[in-house]
Amino acid sequence: MGSEEIKEYTIYFAGPLFDHKDLIGNAILSTYIDKVSEGKYRCIAPQNLEQATDKLVDIRNQDLSYVLACDLAIFNFDGTELSSGTVVEFLYAKLLDVPSVVIRSDFRGGGDQDREGDRWNLMASFYPRTRKLEFNSMEWYQRERKATSDGEGSI
């Protein structure tokens, strides 16, 4: 009996890349996934890809080629309006039947669905091989802040 080779799965990590909060959040979560999976899952974040061109079509094509090549994908669906680039990548993944996880940590509503529906546009809902992870990040933050507070509200 030989040692079993551990298969590495790649995850395309899609989400907004427009400000330091997006970039830092993407980096922290993708690094955490890499770490806790002990290398079983390796995140590919577009913000970390080498963009050796100034041609916008090449940047788009490179990002979509990673969606195609990855084993699964994570999509950040935060905001009252979803990032259009993230939606394009999501729909591309769904057309390719890439297993996906949609993460929404924004407690605000959005979209056009009723209270029982998703908090984003219905055209980005109801796709097969897609799971949702929804939580209230403000609630999590406040709970953690109270648990680790120094008595003056500082963490």
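Residue numbers (the numbering used here): 154 to 308.
Beta carbons are placed, not taken as given, at the ideal position from N, Cα and C, and that holds for glycine.
Note that the structure is predicted; figures quoted are calculated from it, not measured.
Neighbour-count burial assignment, Ser236, 16 or more Cβ in a 10 Å radius: Working through the sequence shown from its first residue, we reach residue 236 at position 83. Buried, since its Cβ has 16 or more Cβ neighbours within 10 Å.
Cβ-based neighbour list, Lys247, same chain, cut-off 6 Å, excluding 5 preceding and 5 following: Reading the sequence shown from its first residue, position 94 is the one you call residue 247. Within the same chain, Lys247 has close Cβ partners Tyr280.
Boundaries (first-last residue) of the beta strand (DSSP E) holding Lys285: Reading the sequence shown from its first residue, position 132 is the one you call residue 285. Segment 283 to 287, the beta strand (DSSP E) holding Lys285.
Option in Lys174, Asn274, Val255 with minimal Cα separation from Gly262: Taking the sequence shown and counting its residues from 1, the one referred to as residue 262 is at position 109. The candidate whose alpha carbon is nearest that of Gly262 is Asn274.
Integer-rounded CB distance, given that Leu217 should sit under 8 Å from Tyr245: As a position in the sequence shown, residue 245 is number 92, starting the count at 1. As a position in the sequence shown, residue 217 is number 64, starting the count at 1. That belief holds up - the Cβ atoms of Tyr245 and Leu217 are roughly 6 Å apart, short of 8 Å.
Phe243 to Asp172 span [Cα, whole Å]: Numbered from 1 along the sequence shown, position 90 holds the residue referred to as residue 243. Numbered from 1 along the sequence shown, position 19 holds the residue referred to as residue 172. Taking the straight line from one Cα to the other gives about 21 Å.
Tyr294, DSSP secondary structure in three states: Here the question's residue 294 lines up with position 141 in the sequence shown. Correct three-state label for Tyr294: helix.
Residue from Asp250, Gln204, Val210, Phe260 with nearest C-alpha to Phe230: Numbered from 1 along the sequence shown, position 77 holds the residue referred to as residue 230. Phe230 has its Cα closest to that of Phe260, out of Asp250, Gln204, Val210, Phe260.
In DSSP terms, what Asn229 is bridged to: Indexing the sequence shown from 1 puts residue 229 at position 76. The partner list for Asn229 (beta bridge, DSSP) reads Ile256.
Status (buried if at least 16 other CB within 10 Å, exposed otherwise) for Gly168: Start at 1 with the first residue of the sequence shown, and residue 168 comes out as number 15. It is buried - the Cβ of Gly168 has at least 16 other Cβ atoms within 10 Å.
DSSP three-state assignment for Ala222, whether helix, strand or coil: Counting from one through the sequence shown, the residue named residue 222 turns up at place 69. If DSSP states are grouped into helix, strand and coil, Ala222 belongs with the helices.
Extent of the continuous beta strand (DSSP E) run through Phe166: If you number the sequence shown from 1, residue 166 lands on position 13. Phe166 -> beta strand (DSSP E) spans 162 to 167.
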